[in-house]
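Following: one structure in structure tokens, then a few remarks.
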Amino acid sequence: MSFAFPWILLALAALPGLWWLLKAVPPPPKSMIFPPLRLLLGLKSRRDEPDHMPWWILALRLMIASSLIAAAAGPILFAHPNAAQTTGPLLIAFDDDWSVATDWQTRLQWMEDRLNEAKRVGRPIYLVPTAPPVPQALGPMSAEQALTQIRHWKPKPWETDRQGVIAALKDVSDPAGIQSVWLANGLDDEANEAFIHALARLGNGPTVILGKTGAALSPAASVSESISVEINSLTPDPVAVVALGQDGRELGRALSDATRRASVPLPLALRNQVARIVIEGEHSAAATVLMDERNRRRTVALVQDGMDESRQPLLESLTYVAKAVQPFAEIVTGPQTELLAQKPSVLMLSGSLSQDRAFDLGGWIETGGMVVRFADETMAQNDHEPLLPTRLRGGGREMGGVLSWTEPQTMAAFSAESPFAGLTVPEEIQVRSQVLADPNLDPDAKVWARLADSTPLVTAKAMGQGWLVLFHCAATPKWSNLSLSGLFPDMLHRLVMMASAHQVQGEGPFAPVRVMDGFGLLFPPTGTERALTEQSRPGPAHPPGFYGDSKAPRAFNLGPALKPLRRFVPPASVRVEQMGMQQAERDLRPFLVGLALVLGLADLVITARLTHVAVAVAMLLTIGGALAEEVWKAGLDTRLAYVETGVSRIDSKSRLGLGALTEVLAARSTTSLAAPQGVRLDGGDLAFYPLLYWPVTAEAETLSETQAQAVRHYLKRGGLILLDRQDGDVADPALEATLRRLSRQLDLPPLTPLSSDHVLNRSFYLLRGLPGRFADGKVWIQADTADNDGVATVILGSNDWAGEWAGMGVPGQQEAAFRFGINLCLYALTGNYKADQVHLPAILERLGHQP
Amino acid sequence: MKQQALVLADALPPLLMAARQIAGSVMGAHGRRQAGPGDSFWQYRVARPGDSLRQIDWRQSARSQSLQVRETEWAAAQTVHVWCDSGDGMDWRSQATLPTKSQRALVLTLAASLLALRGGERVCPFGSAPISGEHQVERVALSVGLRADPVPGPTLAPGHSVLLVSDFLAPLDHWESVLKALSRRGAAGHLLQVLDPAEETFPFSGRIVFRHQGQSDSVELGRAQDVAASYRERIADHCRDLTSLAQSQGWTCLKHRTDHSAQTALLALYTRLSERAR
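Listed in order, the protein sequences are those of chains S and D.
Quick note, this note's numbering runs 226 ahead of the 1-based positions in the first sequence.
Quick note, this note's numbering runs 8 ahead of the 1-based positions in the second sequence.
As structure tokens, this is what we get:
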């Protein structure tokens, strides 16, 4: 505890004087009107009441005096000794790179605390963010300016630039000497030493403050049944890695192992839907791996020549291939020239090729394409077949036929070098016919599959950046039952996976499509980004995100660009503090003044027999108002609110979502709301919030009666609640039971599906659907709104709007979701005012009919 | 003065209401118990010579052999002179929950007047003309406190009743002269002493300065509880002296405390008044 103005405490010495004074002046006698006064004349009491004050009133008054004196001296609890005494300039160097995003609130709070301390003594402030771009002017500025500046700061989705900051620090100097504090990210950097020197040069310091450091994630080479990522972190502690779908749904999760690697096992169908992989509990650009077309959607082109229509579907040469590929890839069919223009991942064709087509395909393979060919009779007949991994012996080979004495061959197990390694070969596979590779194998050719007698069944050859693969038997059951077996799709899948790893989508540079902020959320580019080339490193010009073609963008991740993280050990010469150890300063003044007020009130009531209830009530209200600061704060600004479910994932989603909505709302309309507030339903007054976003989960606990009462009051007084099931209307009995219970408890009015001409669809934008992360969930709204002047109080949906607003969902739907959000807010704020807009056509028509 | 009157008049309707309410609780107006001019039926008698035709009750006569005359009870009006003290000491109460003495005094005066008027008698506030008829009770209310002292006026005739309502805290000499002046005119009646409970019990303690409106001197007591016993003695003496003074003049004296029910006081008063009237 320390005091801002300690000399005022000298006034405490005058307390004995006050004590003497109070004792010397007796309280005045009570005065009383008494009509039979005549009868009292001449009566005398035996002795007088003691004319000094009772000791406890004396003590009370001395306490009032001393608490007022103490309050005037400005007492501060947990004051930081150096902060209170120094008045020279303060420099706060602050790492705002990706690694602090998870710890951001704590760090921001720490800075605010320091700046508030500095504000009290009027210290000039230098603010030095260390991630590029380095600001033009580092200071000096007043603490208020610094406070407003840091409130707009966000962590950057790239690394710090120590050298740049050291250069900028060269211009900073102050004759008084600058005390410097470095809020470090805790990562080792060869420039750290130099940075400390640059700070030490300024005067006093630096003190290094260490906090939590985030971890990074980078994609690793994947095995087909799972997605692997490598974790780059300071500690080997296992972390949970979550694979999220396009709509933000969790598709799979895994714990990292001792090698700091995590493999999320996923079925083939789900694998393609993974949009991003994140470290659970971390919200940073580096802890997010975006998946793009290269990892995901693969197009398999099946070459089909023009005259195929007359053929029967089951006998069609590539029918079985199409069926096998369908689960994990998109299929396009058509003539070869068209298909090549669509830039598929893999091109599959059956039969013989003309020289021209072979030439085209060869060129395409060189640039990274993959061609899978299946043999057929035409190929066996053609002695000069172009574009093969290895030469063929003419005529082919038949086994187990009428004219042959050999048995149909089974397949041998795959060798370790083969991409099919690990797949088990069913015994029932029989190959009756094949085209035979020339025994003198082309040295470049690789054999990926063999028959039991070790004749090649699948051969391949790397050409340029691509691959040419040949199945030595037909893709139909005519030559073998391979195409009917379960092995066939697996083999094709392996091939397609391989192909995508080599594929190049267009040529750089790539224009930014959506870029990530420090928290790992995606936003449209702001205009400061540059086009991406192969050499680009993440930085202000190239933030991580999606670049290139907006339909099939390529992901640019921060994680792979980072070096292995190592912990920063500050040199022994600098002072090191751990963040969070220091408790924030607390100003005791309001508490002491409040105490004096309460005591004074008690004194008045006791001594003067204060009967003016109004005065007492007014004083009590003053005190109560000072105490209920939270309520007071809530009432100062209009803000959106969400119900805190206690599940941190949902709560942070709600917060981020409503925050994004508030920003968009401010940009597009005149509504300017304060930052959204999380509301714990604890029976407190909700009346300050125009809109309450309520994510309902199946696990939600039953509300207590006081909680339910508060919500019912809120609804009755015209509040608006948006209940969000966040599941896209999946039938979930547990959730429905929760909703039913909630509805009973809260006395929810009957709901009806939202009609297309409802005010909610008209209040700002004209909307057709109300998509969130899900687009098709039904939206329900209060049916009878006569009680509330035609304004509904309950809206129920399942589209997970907060998730979409927060940028965790389908990119294309975010705009539509924002539009719904804006409509909703305006509906909440203006009530039925906008209902007139719905009737506008009718009104205009009526006006037109007037003479 | 006018201001004061207006203030008083504003308070009248509720007081009247209270008076009516209390008066309503006392059963039965009294009659003369003999035939004479009046409203209520008294008896039938056989018509005598000299009775006018108008007096004959033809319906009753048709039932009997002779002509019957319907006689009503004689309700001759007696005059009650009323006075309600409106002095300084009256407008006081010791607790906010009690009515002031003057309020209670006025309510009781009006209630008694109302009863008298209902009984067909005339009520004459001191310093005003006699009033008759129940609906005229407002006029009683307006003029009952006109005089500071009940000085007998020209309307006071022998045999008239007098009702004086006050706290009678002024020195007894004063009251003696008042009563004697009234008795000399042949009037007799009742004193109704209205007192605040605190005036009788003296529940004060601690250091208190006692004052009284209109009196410059004050009494400061160091410990008020010390004098309570002797004060109680004094006030009891005063009341006893007042009663004996009244009795010596042929008057009766009733004591009423504002924390007691007004009905009880009114009933007692009513009984006295009707005894007197008989």
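Idealized CB from N, CA, C, for every residue including glycine.
Under 9 Å from the C-beta of R242(D): neighbouring residues of chain S: Working through the second sequence from its first residue, we reach residue 242(D) at position 234. Here the neighbours are P262, L265, L266 and L269.
Taking the C-alpha atoms as reference points, what is the distance between D397(S) and P315(S)? Counted from its first residue, the first sequence places residue 397(S) at position 171. Counted from its first residue, the first sequence places residue 315(S) at position 89. Rounded to whole angstroms, D397(S) to P315(S) spans 15 Å at the Cα level.
Can you tell which of T545(S), M723(S) and K687(S) has its C-alpha closest to the C-alpha of F554(S)? Here residue 554(S) corresponds to residue number 328 of the first sequence, with the count starting at 1. Minimum Cα distance to F554(S) is reached at M723(S).
Can you find a CB in chain S that lies within less than 7 Å of the CB of L190(D)? What you label residue 190(D) is simply residue 182 of the second sequence in a count that begins at 1. Residue-level contact check: L190(D) does not touch chain S, since none of the beta carbons of chain S fall below 7 Å from its beta carbon.
Do you know offhand how far D463(S)'s Cα is from F794(S)'s? Translated into positions along the first sequence, residue 463(S) becomes position 237. Translated into positions along the first sequence, residue 794(S) becomes position 568. Answer to the nearest angstrom: the Cα atoms are 18 Å apart.
For the stretch 1006-1021 of chain S against the stretch 1047-1063 of chain S, do three or more pairs of beta-carbon atoms, one drawn from each stretch, fall closer than 8 Å, so that the two count as touching? yes
Taking the alpha carbon of Q233(D) as the point to measure from, which residue in A113(D), V77(D), I216(D) and L171(D) has its own alpha carbon closest? The count along the second sequence starts at 1 and reaches residue 233(D) at position 225. Of the candidates A113(D), V77(D), I216(D) and L171(D), the one whose C-alpha sits nearest the C-alpha of Q233(D) is I216(D).
Local Cβ density within 10 Å of S102(D), reported as buried at 16 or more and exposed below that: Taking the first residue of the second sequence as position 1, residue 102(D) is located at position 94. Answer is buried; the Cβ neighbour count reaches 16.
Tell me where the alpha helix (DSSP H) around D249(D) begins and ends. As a working mapping, residue 249(D) is identified with position 241 in the second sequence. DSSP places D249(D) in the uninterrupted alpha helix (DSSP H) bounded by A232 to S256.
Taking a Cβ distance cut-off of 7 Å, strictly less, list which residues of the stretch 70-99 of chain D are near chain S, in chain order. G97
Would you grab the beta carbon distance between N411(S) and T386(S) for me? Rounded to a whole angstrom, and I think it's under 8 Å. On the first sequence, position 185 is the one that residue 411(S) refers to. On the first sequence, position 160 is the one that residue 386(S) refers to. Between T386(S) and N411(S) the Cβ distance is about 7 Å, and since that is below 8 Å, they are a contact.
Hey, is the stretch 685-701 of chain S in contact with the stretch 574-594 of chain S, meaning 3+ C-beta pairs nearer than 8 Å? yes
Straight-line CA distance for L718(S) to M805(S)? Counted from its first residue, the first sequence places residue 718(S) at position 492. Counted from its first residue, the first sequence places residue 805(S) at position 579. Cα-Cα distance, rounded: 54 Å.
I need the boundaries of the beta strand (DSSP E) containing S489(S), first residue and last residue. Position 263 of the first sequence, counted from the first residue, corresponds to residue 489(S). Here the beta strand (DSSP E) through S489(S) covers R487 to P491.
Label T837(S) either buried or exposed according to how many other C-beta atoms from any shown protein chain fall within 10 Å of its C-beta, with 16 as the threshold for buried. On the first sequence, position 611 is the one that residue 837(S) refers to. Confidence in T837(S) is poor, its pLDDT being 49 and thus under 50, which makes the residue's placement unreliable; the coordinate value appears in the next sentence. Under a 10 Å Cβ-count criterion, T837(S) is classified as exposed, with fewer than 16 other Cβ atoms of the shown protein chains found around its own Cβ.
When you compare the CB positions of A120(D) and L277(D), do they come within less than 7 Å of one another, or not? As a working note, residue 120(D) is residue 112 in the second sequence. As a working note, residue 277(D) is residue 269 in the second sequence. Contact: yes.
Using a Cβ-Cβ cut-off of less than 8 Å, give me the residues of the stretch 215-231 of chain D that come near chain S, in sequence order. R215, I216, V217, F218, R219, H220, Q221, Q223, D225, S226, V227, E228, L229, G230 and R231
Quick one, which residues of the stretch 246-259 of chain D are near chain S if we go by CB-CB under 8 Å, in chain order? H246
Shorter than 7 Å from the beta carbon of S257(S) to some beta carbon of chain D? As a working note, residue 257(S) is residue 31 in the first sequence. It does: the Cβ of S257(S) has a partner Cβ on chain D nearer than 7 Å.
On the criterion of 16 or more Cβ atoms from any shown chain inside 10 Å, does E370(S) qualify as buried, or is it exposed? If you number the first sequence from 1, residue 370(S) lands on position 144. By the neighbour-count rule (16 or more Cβ atoms within 10 Å), E370(S) is not buried but exposed.
So, is the C-beta of V202(D) closer than 7 Å to a C-beta in chain S? The residue you call residue 202(D) lines up with position 194 of the second sequence. No, its Cβ sits nowhere closer than 7 Å to a Cβ of chain S.
Answer yes or no: does any C-beta atom of chain S fall closer than 7 Å to that of L177(D)? In the second sequence, counting from the first residue as 1, residue 177(D) sits at position 169. Taking a beta-carbon distance threshold of 7 Å, L177(D) counts as an interface residue toward chain S.
For N666(S), count neighbouring C-beta atoms within 10 Å of its own C-beta (all shown protein chains included) and say buried if the count is 16 or more, exposed if not. To locate residue 666(S), count along the first sequence from 1; it is residue 440. Counting Cβ neighbours within 10 Å, N666(S) comes out exposed, since fewer than 16 surround it.
When DSSP labels each residue in this structure, what does Q76(D) get in the three-state scheme? Translated into the one-based positions of the second sequence, residue 76(D) becomes position 68. DSSP places Q76(D) in strand when its eight states are reduced to three.
What residue from L75(D), A236(D), L116(D) and H182(D) has the CA that sits closest to L200(D)'s CA? The residue given as residue 200(D) occupies position 192 in the second sequence. The residue with the shortest Cα to Cα distance from L200(D) is L116(D).
Which residues in chain S sit within 8 Å of V235(D), going by Cβ to Cβ distance? What you label residue 235(D) is simply residue 227 of the second sequence in a count that begins at 1. Neighbours of V235(D) on chain S, chain order: L266, L269, K270 and S271.
Shorter than 7 Å from the beta carbon of E184(D) to some beta carbon of chain S? Your numbering for residue 184(D) matches position 176 in the second sequence. For E184(D), no Cβ of chain S is located within less than 7 Å of the residue's own Cβ.
Suppose you measure from the CA of L791(S) to the CA of L413(S); what does that come to, to the nearest Å? As a first step, residue 791(S) must be located in the first sequence, where it is residue number 565. As a first step, residue 413(S) must be located in the first sequence, where it is residue number 187. Whole-angstrom Cα-Cα distance: 7 Å.
Assign V695(S) to buried or exposed, taking buried as 16 or more other Cβ atoms, counted over all protein chains shown, within 10 Å of its Cβ. Indexing the first sequence from 1 puts residue 695(S) at position 469. With 16 or more Cβ atoms within 10 Å of its Cβ, V695(S) is classed as buried.
Among the candidates G944(S), I503(S), T461(S) and P355(S), whose CA atom is the shortest distance from the CA of R475(S)? The count along the first sequence starts at 1 and reaches residue 475(S) at position 249. Selected option, being the one with the closest Cα: I503(S).
When the Cα atoms are used, what is the spatial distance from W183(D) to F176(D)? For this step, residue 183(D) is matched to residue 175 along the second sequence. For this step, residue 176(D) is matched to residue 168 along the second sequence. Taking the Cα positions, W183(D) is about 8 Å away from F176(D).
What is the residue span of the beta strand (DSSP E) that N430(S) lies within? Here residue 430(S) is taken as the residue at index 204 of the first sequence, counted from 1. Where N430(S) is concerned, the enclosing beta strand (DSSP E) stretches over G429 to L436.
Looking only at its own chain, which residues have a Cβ that is under 8 Å from the Cβ of G1047(S), when we skip the five neighbours before and after it? On the first sequence, residue 1047(S) is found 821 positions in, with the first residue counted as 1. Taken in chain order, the residues that qualify are L887, V890, L891, W1027 and W1031.
Interface residues of chain S around F212(D) at Cβ under 9 Å? For the purposes of this step, residue 212(D) is taken as the residue at position 204 of the second sequence. The contacting residues are K256, M258 and F260.
Quick one: residues in its chain with C-beta nearer than 7 Å to the C-beta of L373(S), no 5 flanking neighbours on either side, listed in chain order? Here residue 373(S) is taken as the residue at index 147 of the first sequence, counted from 1. Correct list, in chain order: E338 and L341.
Taking its Cβ as the centre, do 16 or more other Cβ atoms sit within 10 Å of R894(S), making it buried, or is it exposed? By one-based count along the first sequence, residue 894(S) stands at place 668. That one is exposed.
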